[in-house]
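Q: Residue numbers for the sequence shown, in the working numbering: 18 to 330.
Idealized CB from N, CA, C, for every residue including glycine.
On a predicted model such as this, the values are computed, not experimentally measured, just so you know.
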Amino acid sequence: MALKESTRVFSSYYNHPLPATYSPASCITSSPLSLPCSGSGRRPQARCGQYTSLPGQGAKHKSSSRWNYSSSRCYASISSPPHKRRLSAAAGYTWPTSLYPTPYEILAQPRGARYDKALFYELVKIYHPDRNHSAADSSIPQSVRLERYRLVVAANEILSNDAKRRAYDLYGAGWRGNRTLQSLYREADRSWRNEPGNASRNATWEDWERWRRERNGEKEPQTPIFMSNELFALVLCSFVVMGSFAQSRRASTHTVTIVEMHEQKHATISDGMRRQQDEKAPLNRHERVESFLRQRDSWNLASSTDRDSESPS
């Protein structure tokens, strides 16, 4: 419709005179269709012929004056097809098969080459959480997409920064690709358990009371210390064993002493009897009788002396 209107306006201008001071005009259309001249392929503007000014001066002019229109004719044509888009950087790309991929593997970037963000942009469009994944790549779970998106962003952050890239190449700093998002959440959830004075081991109300006193800086009240049953039984058994060992040593020592005393007494008696026999051997019968009488008198004297000492004074 716009094309017909433009053509009608152009054709009507051929029959209307213009002032002599009018300059050459060019037609420019804003419709999506271009109006190039014959043989031209220009898209945004169309210059339809050249118009020369009319001869003569003054405000009035003769009605018979006409434009000098060039022989080139204007016509409408569809613009040339747009240029083919550049092939996608993600064409033929597959996610790395290694368990813990590196930034270079994720973005398919050679280690010594200059970093190109074309693949990063394509991967962000594929794995972004806000993208609708119902059509293509629906076989990949949402958690895997989110993890890949995190790795893509982290890899781009390292490779796009020269300092971080140098630090990663030298020391492997800044890359935590071997730790998934779930493991990071799990570590953050369990980190408080390693802090001193945490309440992870409180099982009974006594544990909670002790934990609150330690947190508030209160001193624990003095309580009697009792020995456990196992420790008491162990101590008792040790005392029994030690007593038994001491008694056995004492009994053995006492037995040896008694035996030695008996042997010593027996030896003394044997020596005395042998000495008496030796003394009486050279004596005759009369001397033996006298020796017996002296021995008997000595026994009587000894017994009388003992009786006198026992009688009261």
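If you draw a straight line from the alpha carbon of Lys101 to that of Tyr110, how long is it in whole angstroms?
A: Any reading at Lys101 must be qualified, since the residue scores a pLDDT of 43, below 50, and its modelled position is unreliable; no value is offered.
Q: Given this structure, state the Cα-to-Cα distance separating Ser265 from Ile275, to the nearest angstrom.
A: Answer to the nearest angstrom: the Cα atoms are 15 Å apart.
Q: In angstroms, rounded to a whole number, what distance separates the CA positions of Arg311 and Gln281?
A: Approximately 28 Å, taken between the alpha carbons.
Q: Let me know the secondary structure DSSP gives Lys134 once reduced to three states.
A: Reduced to three states, the DSSP call for Lys134 is coil.
Q: Leaving out five residues on either side along the sequence, give the residues of the same chain with a beta carbon under 6 Å from the beta carbon of Tyr185.
A: Correct list, in chain order: Ile175, Gly191, Trp192.
Q: Which residue wins for smallest C-alpha separation from Asn178, given the options Tyr138, Lys134, Ser156?
A: Among Tyr138, Lys134, Ser156, the Cα nearest to that of Asn178 is on Lys134.
Q: Cβ atoms of Tyr121 and Arg360: under 8 Å apart, would you say?
A: Since the first residue shown for the chain is 18 and the last is 330, residue 360 is missing from the structure and cannot be characterised.
Q: Check Ile275 in the structure and name its three-state DSSP category.
A: Reduced to three states, the DSSP call for Ile275 is helix.
Q: Taking 7 Å as the limit between beta carbons, can you name the residues of its chain near Ile123, skipping five residues before and five after?
A: Within the same chain, Ile123 has close Cβ partners Pro113, Leu168, Val169, Ala172.
Q: Does the beta carbon of Ser287 sit closer than 8 Å to a beta carbon anywhere in chain B?
A: The structure shown contains no chain B, having only a single protein chain.
Q: Indicate whether Tyr138 and Arg165 have their beta-carbon atoms separated by less than 8 Å.
A: Going by C-beta atoms, Tyr138 is not nearer than 8 Å to Arg165.
Q: Check Arg221 in the structure and name its three-state DSSP category.
A: The identity of residue 221 in the sequence shown is Thr, whereas the question assumes Arg. Thr221 falls in the coil class under three-state DSSP.
Q: Which of the three DSSP states, helix, strand or coil, is assigned to Glu174?
A: It is helical.
Q: Residue range of the alpha helix (DSSP H) that Pro120 falls in?
A: Taken as a continuous stretch (DSSP letters only), the alpha helix (DSSP H) holding Pro120 covers 120 to 123.
Q: State the start and end residues of the unbroken alpha helix (DSSP H) segment that holds Arg182.
A: Taken as a continuous stretch (DSSP letters only), the alpha helix (DSSP H) holding Arg182 covers 179 to 188.
Q: What's the C-alpha gap between Ser261 and Ala250?
A: For Ser261 and Ala250, the distance between alpha carbons rounds to 16 Å.
Q: With Trp228 and Ala216 assumed to form a contact (beta carbons below 8 Å), what rounded beta-carbon distance in angstroms separates them?
A: Contact flag correct, Cβ pair sits at about 5 Å.
Q: Tell me which same chain residues have a C-beta within less than 7 Å of the C-beta of Glu212, skipping the five on either side of it?
A: Counting only Cβ-Cβ distances below 7 Å, and skipping sequence neighbours, we find nothing.
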